[in-house]
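Each step along the first sequence adds one to the number in our numbering, with nothing skipped, and position 519 is 531. Here is the structure we will look at, set down as structure tokens.
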Amino acid sequence: MNADLFARMHAHIIAALEAEAGTLDAGIRARIEVSPARETAHGDMASNVAMVAAKALGQTPRGLAEALARRLRDAPEIAAAEIAGPGFLNIRLRPAALHAVIPAILAAGEAYGDSEIGTGQRVNVEYVSANPTGPMHIGHCRGAVVGDALANLLAKAGFDVTREYYINDAGAQVTALAWAAYWRYLQAIGTEIAPEDFAREAPSGLQYQGDYLIPVGAALAERFGRGLATADGGIAPPEHWFETVRDFAIAAMMAGIREDLSLLGVRPDVFASERALVASGAVEAVIARLAQAGLIYDGVLAPPKGKLPEDWEPREQTLFRATQFGDDVDRPLRKSDGSATYFANDIAYHADKVGRGFATLIDVWGADHGGYVARMKAAIRALAGERVTLAVVLCQIVHVLKGGQPVRMSKRAGSFVTLRDLIEEVGRDVVRFIMLTRKSDAQMEFDLDQAVAETRENPVFYVQYAHARCRSVLRHAAELGFATTEKALAAIPLDSLEDEAELALIRRLAGWPRLVEGAARAFEPHRIAFFLYDLAGDFHILWNRGRDTATLRFIQPERPAETKARLALVAATAVVIRSGLAVMGVVPVEEMR
RNA sequence: GCGCCCGUAGCUCAAUUGGAUAGAGCACCAGACUACGGAUCUGGGGGUUAGGAGUUCGAAUCUCUUCGGGCGCGCCA
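Here it is, written out as structure tokens:
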């Protein structure tokens, strides 16, 4: 039997409709929904089936709904089926049907909510992808958590997921990194050069002055002695040191980034290097491929509308016909020196992913890359047509607050808040949870005080507390001699669960599989956080009912039948909380200490 | 100037992707409390979903438009 109560009722309704009106048009069928009733007065579930299908069948919505209701009333799980409003079909389940959710959860364990909508399709989720030019900071953190949770979510929904990190180790940024590391190297061998003096010597200035490169300079000095400098310890010609220092610095930065990622609990399956890609000839190959398809030409772009940039001049460039695939303008693939643009490299990288056989590519980017989405989608369409879908999840900026004041993040001053600082301050699980309490494309405030507060306004605490309370009850019951394993509880009769607060909790638990599917389809992992918060609320309400009404307490030694039924409900609640936290990558706590 | 995203209670945000009377937390008001873990709970007030027009059985959600905010806009990545 399908553990998803909503899916089962959906199937009942479709069956009733086909019995009534014959085989359905697929478009109509896809629009039929069964959702939780908005109010308990409406029953347990509601469906829009009659309103969606009535027109095509030449019936009125209410008329069709009534016919369907008559058929559904015969189903053993259904207590009542009624018509409301413009044609809603409201269904009230028999208590036994709701109760059946509990053993289903206990039998499935954390796998409850697993779905097969992904049908094993291969999905690549690329996230974080920070330049290897420094430690990870809060800006990267959100993308890392959102991408990782999205990957977990898609895996739960039945997709075959690959987690990928793209190392931007080929551009001007790593050149600047190499020079900055060299500056620290010179310091390490005793040559102090003022930043502004050094900046004049370096082709792109001295961009990275943070302390984090000091150990890299020291390590270079230890490995190479004074061999990378001139005889008197000054700046040697780049050909003597540049590649050595660059590769050394990139390796050091990537080691730090991997460590930061693992502190956050993020472990990509694949690290893809932009430089390796370029070296393999993939960029030239993909440009040639596009050229062969007639999608490249040399031309001059129209100037941007309105006020021109100061240095604007008409310039002939190698352009990709992005406009053929829905972009606003054609996009340059080569710089004036003939080398490839970042976009060209990125096309090659995405072509590589396409070549590895993914049906869906998901890129998790910062919102400042929003203007880049259309051209990348155009490129995918040019390369793979409708065969491959690219989805881009944009993450808005995170403002960190402490004591109600914004925490400054100035990279230049080297005082920016690193991911490591943040994790040390509030803990990994709190970081992950809070990052998922907003839709990713909405700006977010990360309030450090709230994140560690032990009150209801802190969603992490509230959810963890619910789980700890569940475990506490089960521990307590075990001490009193009750069997509390999930296996034992799965066989308990549940007829005594009839309080409205208990039924509300069961309804919530029943909605978990449906929520997973919806969140996975929309690529919205934040829905998990909201679901868990609501679930925790339902549980805490029930707990508090037991305060006023002694007969609603979970453990009542003199009433073993009721106690056992409630223990089953409590255990099922804990399972679903764990199942949800697992998607978020948060470890459930057994007790609050 | 053009494009994309956004605008929901005083504040921070939801709204099952077009469904019924737009919901939570904080703040505010009024109550409850020697506890299966009070690390609180219950109830209440608060809305023209920025404004206007349209699409349809039905709009916070889709279209157009005005206003306001963010991001981006030919050799940065």
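All residues carry an ideal CB built from backbone N, CA and C; glycine is no exception. These numbers were taken from a predicted model, which means no experiment stands behind them.
*Counting along the chain, where does the alpha helix (DSSP H) carrying residue 187 start and finish?*
What you label residue 187 is simply residue 175 of the first sequence in a count that begins at 1. Residues 184-200.
_With three or more beta-carbon pairs closer than 8 Å as the criterion, would you say the region 547-555 touches the region 527-537?_
no
*Would you give the residue range spanned by the alpha helix (DSSP H) that residue 360 belongs to?*
If you number the first sequence from 1, residue 360 lands on position 348. Element bounds for residue 360: 354-367.
*asked:* Let's test the definition: count the other Cβ atoms within 10 Å of the Cβ of residue 39 and tell me whether it reaches 16, buried, or not, exposed.
replied: In the first sequence, the residue the question calls residue 39 occupies position 27. It counts as exposed.
*Using beta-carbon positions only, say whether residue 363 and residue 313 come within less than 7 Å of one another.*
Here the question's residue 363 lines up with position 351 in the first sequence. Here the question's residue 313 lines up with position 301 in the first sequence. Their beta carbons are not under 7 Å apart, which means residue 363 does not touch residue 313 by this criterion.
*Express the C-alpha separation of residue 236 and residue 546 in angstroms, rounding to a whole number.*
Working through the first sequence from its first residue, we reach residue 546 at position 534. Working through the first sequence from its first residue, we reach residue 236 at position 224. Those two C-alpha atoms are separated by around 59 Å.
*Three-state secondary structure (DSSP) at residue 602?*
As a position in the first sequence, residue 602 is number 590, starting the count at 1. In this structure, residue 602 counts as coil in the three-state DSSP scheme.
*Give a yes or no on whether the C-beta atoms belonging to residue 334 and residue 295 are separated by under 7 Å.*
If you number the first sequence from 1, residue 334 lands on position 322. If you number the first sequence from 1, residue 295 lands on position 283. Their beta carbons are not under 7 Å apart, which means residue 334 does not touch residue 295 by this criterion.
*For residue 329, the first and last residue of its enclosing alpha helix (DSSP H)*: The residue given as residue 329 occupies position 317 in the first sequence. Counting along the chain, residue 329 falls outside any alpha helix (DSSP H), though it belongs to the beta strand (DSSP E) covering 328-332.
*May I ask you to report which of helix, strand or coil DSSP gives residue 238?*
Sequence index remark: in the first sequence, residue 238 carries index 226 (1-based). In this structure, residue 238 counts as coil in the three-state DSSP scheme.
*Given 8 Å, three or more beta-carbon pairs between the region 296-311 and the region 157-166*: no
*Which residue comes first and which comes last in the alpha helix (DSSP H) that contains residue 576?*
Within the first sequence, numbered from 1, the residue matching residue 576 stands at position 564. Unbroken alpha helix (DSSP H) run through residue 576: 572-596.
*Answer with buried or exposed for residue 347, where buried requires no fewer than 16 other C-beta atoms within 10 angstroms of its C-beta.*
In the first sequence, the residue the question calls residue 347 occupies position 335. Result: exposed.
_Just verifying my parser: in three-state terms, what is the DSSP assignment at residue 140?_
On the first sequence, position 128 is the one that residue 140 refers to. Looking at residue 140 - three-state DSSP - the assignment turns out to be coil, as it is neither helix nor strand.
_residue 48: first and last residue of the uninterrupted beta strand (DSSP E) it sits in_ = As a first step, residue 48 is located in the first sequence; it is residue number 36 there, counting from the start. Element bounds for residue 48: 46-48.
_Helix, strand or coil for residue 427? Go by DSSP, reduced to three states._
Counting from one through the first sequence, the residue named residue 427 turns up at place 415. A caution first: residue 427 carries a pLDDT of 46, below 50, which makes its placement in the model unreliable, though a value can still be read off. In this structure, residue 427 counts as coil in the three-state DSSP scheme.
*What residues in its chain sit with their C-beta under 7 Å from that of residue 574, if we drop five residues either side in the sequence?*
Position 562 of the first sequence, counted from the first residue, corresponds to residue 574. Here the set comprises 508, 568.
*Leaving aside the five residues before and after residue 436 along the sequence, list all residues of the same chain whose C-beta is less than 7 Å from its C-beta, in chain order.*
Stepping through the first sequence from its first residue, residue 436 is reached at position 424. Once the five neighbours on either side are set aside, residue 436 has no close Cβ partner at all.
*Through-space distance from residue 464 to residue 444, alpha-carbon basis*: The residue labelled residue 444 in the question sits at position 432 within the first sequence. The residue labelled residue 464 in the question sits at position 452 within the first sequence. Taking the straight line from one Cα to the other gives about 13 Å.
_Among 511, 415, 203, whose alpha-carbon lies nearest the alpha-carbon of residue 238?_
Stepping through the first sequence from its first residue, residue 238 is reached at position 226. If we check each option's Cα against that of residue 238, 203 comes out closest.
*Would you call residue 427 buried or exposed, if buried means 16 or more other Cβ atoms sit within 10 Å of its Cβ?*
As a working mapping, residue 427 is identified with position 415 in the first sequence. Caution applies to residue 427, whose pLDDT of 46 falls short of 50 and renders its modelled position unreliable; the model cannot decide the point.
*Since residue 535 sits in a beta bridge, which residues does DSSP pair it with?*
The residue labelled residue 535 in the question sits at position 523 within the first sequence. DSSP, once it has assigned bridges, lists no residue as partnering residue 535.
*What is the DSSP secondary structure of residue 422, reduced to helix, strand or coil?*
Residue 422 sits at position 410 when you count from the first residue of the first sequence. Annotation note: pLDDT 47 at residue 422 (below 50); position unreliable, coordinate value reported separately. In this structure, residue 422 counts as coil in the three-state DSSP scheme.
*Is the number of C-beta pairs between the region 144-154 and the region 178-190 that are closer than 8 Å three or more?*
yes
*asked:* Give me, in chain order, the residues of the same chain whose beta-carbon lies closer than 7 Å to that of residue 49; leave out the 5 immediate sequence neighbours on both sides.
replied: Here residue 49 refers to the residue found at position 37 when the first sequence is read from its first residue. Same-chain partners within the cutoff: 55, 56, 57, 58, 102.
*CB-CB length for residue 124 against residue 587, believed under 8 Å*: Here residue 124 corresponds to residue number 112 of the first sequence, with the count starting at 1. Here residue 587 corresponds to residue number 575 of the first sequence, with the count starting at 1. Their Cβ separation, rounded to whole angstroms, is 6 Å, which keeps residue 124 and residue 587 in contact under 8 Å.
*According to DSSP, is residue 168 helix, strand or coil?*
As a first step, residue 168 must be located in the first sequence, where it is residue number 156. Residue 168 falls in the helix class under three-state DSSP.
*Using beta-carbon positions only, say whether residue 406 and residue 541 come within less than 7 Å of one another.*
Taking the first residue of the first sequence as 1, we reach residue 406 at position 394. Taking the first residue of the first sequence as 1, we reach residue 541 at position 529. Contact: no.
_Those runs of the beta strand (DSSP E) which lie wholly inside the region 373-443 and span at least 3 residues_ = 401-407, 410-414
*For residue 185, which residues from the same chain have a beta carbon less than 6 Å from its beta carbon, with the 5 sequence-adjacent residues on both sides left out?*
As a working note, residue 185 is residue 173 in the first sequence. So the list reads 143, 145, once near-sequence residues are dropped.
*Opposing strand residues paired with residue 284 [DSSP bridges]*: For the purposes of this step, residue 284 is taken as residue 272 along the first sequence, with counting starting at 1. Answer is 178, bridged to residue 284.
*State whether the region 222-235 contacts the region 254-269, with contact taken as three or more CB pairs (one from each stretch) at a distance under 8 Å.*
yes
*What's the gap between the Cα of residue 462 and the Cα of residue 417?*
Within the first sequence, numbered from 1, the residue matching residue 462 stands at position 450. Within the first sequence, numbered from 1, the residue matching residue 417 stands at position 405. Cα to Cα, the separation comes out at about 13 Å.
_Rounded separation between residue 580 and residue 524 - CA only_ = The sequence position of residue 580 within the first sequence is 568, counting from 1. The sequence position of residue 524 within the first sequence is 512, counting from 1. In a straight line, the C-alpha of residue 580 is about 17 Å away from that of residue 524.
*Out of 309, 272, 18, state which residue places its alpha-carbon closest to the alpha-carbon of residue 430.*
On the first sequence, residue 430 is found 418 positions in, with the first residue counted as 1. Taking only the C-alpha atoms, the option nearest residue 430 is 272.
*Simplified DSSP state of residue 269, which is helix, strand or coil*: Working through the first sequence from its first residue, we reach residue 269 at position 257. In this structure, residue 269 counts as helix in the three-state DSSP scheme.
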